[in-house]
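Residue numbers (the UniProt record's numbering): 1 to 66.
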């Protein structure tokens, strides 16, 4: 399991909060315990988003393709 930079987790949390509000903090903490990379973390978190468009935007905002 990687050691996460707090600034990275905070950035991802803020981007996810745009869609899920305060729940984002809990989801990021949980996903960070499971993920093996930043890409993996973002993909795990994107699964919590309802629409394909939101998932694509979230992944793109985090430097990934959908």
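In this text, a Cβ means the ideal position worked out from N, Cα and C, and glycines have one as well.
- Classified as buried, residue 12 has 16 or more neighbouring CB atoms from the shown chains inside 10 Å of its CB.
- Beta-carbon to beta-carbon, residue 41 and residue 31 are separated by about 5 Å, close enough to satisfy the 8 Å threshold.
- Annotated as proximal: residue 58 and residue 49, with beta-carbon spacing under 9 Å.
- Taking the Cα positions, residue 35 is about 15 Å away from residue 64.
- Around residue 61, the same chain offers 15 as residues with beta carbons nearer than 6 Å, after the five sequence neighbours per side are excluded.
- A direct Cα-Cα distance of roughly 9 Å separates residue 38 from residue 9.
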